[in-house]
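In case it helps, this note's numbering puts the sequence shown at residues 110 to 413. All C-beta atoms in this analysis are idealised placements derived from N, C-alpha and C, irrespective of residue type, glycine included. Since the model is a prediction, treat every value here as computed from it, not as a measurement. What follows is a set of notes on a single structure, which appears directly below.
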Amino acid sequence: MTFNPQFARIGEILAHMGVATEDQVKEAVLKQNNFGLKLGETLRKLGFINEKDLLQALHLQLEYDIVNEDELLELDSEVVKLIPEPFAVENRIMAIKKEGETIIVAMTDPEDIVILDSLKKILGLNISPMLIGDDTLTDTLEKYYKSIRTTSQVEDAVGNFEFVAVDEDENEITVDAKTDADAPVVKLLNLIITEAIKSNTTDIHIEPLTKTTRVRFRIDGALREVMNPPIGLHAGMVSLVKVMSKLNIAERRLPQDGHISLKTAMKSVDVRVSITPTVTGEKVVMRLLDKGEFGFSLRTLGFT
110 MTFNPQFARI GEILAHMGVA TEDQVKEAVL KQNNFGLKLG ETLRKLGFIN EKDLLQALHL
170 QLEYDIVNED ELLELDSEVV KLIPEPFAVE NRIMAIKKEG ETIIVAMTDP EDIVILDSLK
230 KILGLNISPM LIGDDTLTDT LEKYYKSIRT TSQVEDAVGN FEFVAVDEDE NEITVDAKTD
290 ADAPVVKLLN LIITEAIKSN TTDIHIEPLT KTTRVRFRID GALREVMNPP IGLHAGMVSL
350 VKVMSKLNIA ERRLPQDGHI SLKTAMKSVD VRVSITPTVT GEKVVMRLLD KGEFGFSLRT
410 LGFT
């Protein structure tokens with residue numbers, strides 16, 4: 110008799126796939142009530158299968174497509190935040206794409222009709238679910254909603270923040286978000302620099318992707334992604350950095366290096382600017398050095 114996964118239990122499918130034994134499935138059945146998990150997640154918790162095994166089994170059973178993890182690297186934050194963070198986290202669901210009047214969502218349980226109906230009423234849009242692993246969903250929710258929270262909180266915090274760029278000849282270039290015609294760009298760069306200074310960042314990486322800009326801070330030697338602003342603001346940010354560092358705005362094909370001195374209410378910072386052309390646009394790297402700190406110390410030389 111032909112095995113039909115659509116009419117089989119998840120344990121039977123995993124055993125048929127050869128990734129779990131019948132004894133392992135029986136053990137998981139006995140322990141799943143203690144864990145408060147479904148059988149598949151219990152098998153994973155016990156270390157008998159991995160997330161990809163479970164996803165493949167659910168795909169065979171339910172016939173929902175599995176989210177391509179590469180697509181999760183560059184989601185539109187405007188689409189993600191269509192679903193309020195508390196609802197997304199509590200119900201293990203995330204908006205990943207919008208196609209006309211349909212929202213494509215990633216879920217660990219795409220058969221949960223109650224959640225799907227609730228979301229349809231909230232958004233007034235059709236909902237098309239896809240399968241995603243629990244760990245992958247947790248990481249992706251944290252990544253994007255943290256970026257959304259950071260952008261919102263820092264925008265509120267910086268408000269009318271003003272910094273002054275000073276070139277090597279001590280000529281000041283004042284950039285004010287309240288008066289500049291490119292206020293959104295100015296405000297965005299303000300918040301990036303402000304957050305970088307507050308978090309003791311040594312390098313700011315501003316890199317254009319296809320739909321968004323990836324902003325990363327190097328803190329304690331590790332690069333950390335902090336926000337993903339819309340790609341439409343990227344060129345303006347690059348131009349603004351070029352103006353402040355006295356670089357050629359029109360040059361987009363060759364690398365350029367410059368220098369800015371920044372003065373804020375918190376401290377004065379020297380910034381070494383490097384702009385490099387890439388396939389998707391110009392990448393900016395800004396190295397920050399606090400003027401109040403010496404370049405060398407016993408600590409920086411590895412002594413205590």
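Checklist entry - Where does lysine 287 land, buried or exposed, given buried means 16+ other C-beta within 10 angstroms? => result Reading the sequence shown from its first residue, position 178 is the one you call residue 287. Reliability fails at lysine 287, whose pLDDT of 47 lies under 50, so the model's placement of it is uncertain and no value is given.
Checklist entry - Are the segment 177-188 and the segment 150-163 in contact at 8 Å, needing three or more beta carbon pairs? => result no
Checklist entry - Can the beta-carbon of leucine 191 be found less than 9 Å from the beta-carbon of glutamate 210? => result Here residue 191 refers to the residue found at position 82 when the sequence shown is read from its first residue. Here residue 210 refers to the residue found at position 101 when the sequence shown is read from its first residue. No, the Cβ-Cβ distance between leucine 191 and glutamate 210 is not below 9 Å.
Next on the checklist: Using C-beta distances below 8 Å, list every residue in its chain close to threonine 319, excluding the 5 sequence neighbours before and after it, in chain order.
Outcome noted: Here residue 319 corresponds to residue number 210 of the sequence shown, with the count starting at 1. Only Glu183, Ile340 and Thr389 meet the Cβ criterion.
Checklist entry - So does alanine 359 have its beta carbon nearer than 8 Å to some heavy atom of the ligand FMN? => result Ligands are entirely absent from the displayed structure, and the ligand FMN is therefore not among its contents.
Checklist entry - Just the Cα atoms here: how many angstroms apart are isoleucine 122 and proline 114? => result For the purposes of this step, residue 122 is taken as the residue at position 13 of the sequence shown. For the purposes of this step, residue 114 is taken as the residue at position 5 of the sequence shown. When rounded, the distance between both Cα atoms is 6 Å.
Checklist entry - Do the segment 361-372 and the segment 324-331 touch if we need at least three Cβ pairs shorter than 8 Å? => result no
Next on the checklist: With H, G and I counted as helix, E and B as strand and the rest as coil, what does DSSP make of glutamate 427?
Outcome noted: Nothing in the structure corresponds to residue 427, since the chain is present only between 110 and 413.
Checklist entry - If we count the other Cβ atoms within 10 Å of its Cβ and call it buried at 16 or more, is threonine 145 buried or exposed? => result Position 36 of the sequence shown holds residue 145. Checking the displayed sequence, the identity of residue 145 turns out to be glycine instead of threonine. Exposed.
Checklist entry - Would lysine 376 be called buried (16 or more neighbouring beta carbons within 10 Å of its own) or exposed? => result The count along the sequence shown starts at 1 and reaches residue 376 at position 267. Exposed, by the Cβ-count rule.
Item to check | Completely contained beta strand (DSSP E) runs for the segment 163-226, where each covers 3 or more residues | outcome: 202-208 and 211-216
Next on the checklist: Cutting at 7 Å between CB atoms, please list the residues of its own chain near aspartate 244, excluding the five before and the five after it.
Outcome noted: For this step, residue 244 is matched to residue 135 along the sequence shown. Once the five neighbours on either side are set aside, the close Cβ partners of aspartate 244 are Glu160.
Checklist entry - Could you give the distance in angstroms between the alpha-carbon of threonine 311 and the alpha-carbon of glycine 330? => result As a first step, residue 311 must be located in the sequence shown, where it is residue number 202. As a first step, residue 330 must be located in the sequence shown, where it is residue number 221. Distance between the alpha carbons of threonine 311 and glycine 330 is about 8 Å.
Checklist entry - According to DSSP, what are the bridge partners of aspartate 399? => result In the sequence shown, the residue the question calls residue 399 occupies position 290. BP columns for aspartate 399 point to Val378.
Item to check | methionine 126 - DSSP class collapsed to helix/strand/coil | outcome: Your numbering for residue 126 matches position 17 in the sequence shown. Helix.
Checklist entry - What does arginine 327 pair with, by DSSP beta-bridge criteria? => result In the sequence shown, counting from the first residue as 1, residue 327 sits at position 218. Paired residue(s): Asp312 and Leu332.
Checklist entry - Going by alpha carbons, who is nearest to threonine 249 out of Ala204, Glu220 and Pro238? => result Taking the first residue of the sequence shown as position 1, residue 249 is located at position 140. Residue Ala204 is the option with its Cα nearest to threonine 249.
Item to check | Separation of lysine 207 from leucine 225, as counted between CA atoms | outcome: On the sequence shown, position 116 is the one that residue 225 refers to. On the sequence shown, position 98 is the one that residue 207 refers to. About 15 Å.
Checklist entry - Do you know offhand how far glycine 411's Cα is from lysine 230's? => result Position 302 of the sequence shown, counting from 1, holds the residue named residue 411. Position 121 of the sequence shown, counting from 1, holds the residue named residue 230. Residue placement at glycine 411 is flagged as unreliable, the pLDDT there being 41, under the threshold of 50; the coordinate-derived value follows with that caveat. Each residue's Cα considered, the two are about 59 Å apart.
Checklist entry - alpha helix (DSSP H) containing serine 348: first to last residue? => result Numbered from its first residue, the sequence shown carries residue 348 at position 239. Segment 343-353, the alpha helix (DSSP H) holding serine 348.
Next on the checklist: I believe leucine 397 touches valine 378 by the beta-carbon criterion, under 8 Å. Please report the beta-carbon distance rounded to the nearest angstrom.
Outcome noted: Taking the first residue of the sequence shown as 1, we reach residue 397 at position 288. Taking the first residue of the sequence shown as 1, we reach residue 378 at position 269. Between valine 378 and leucine 397 the Cβ distance is about 5 Å, and since that is below 8 Å, they are a contact.
Checklist entry - Which class does asparagine 143 belong to by DSSP, given the choice of helix, strand or coil? => result To locate residue 143, count along the sequence shown from 1; it is residue 34. Helix.
Next on the checklist: Please identify the residue among Leu349, Ser354 and Ala305 whose C-alpha is closest to the C-alpha of glutamate 334.
Outcome noted: One-based indexing of the sequence shown puts residue 334 at position 225. Looking at the Cα atoms, Ala305 is the closest of the given residues.
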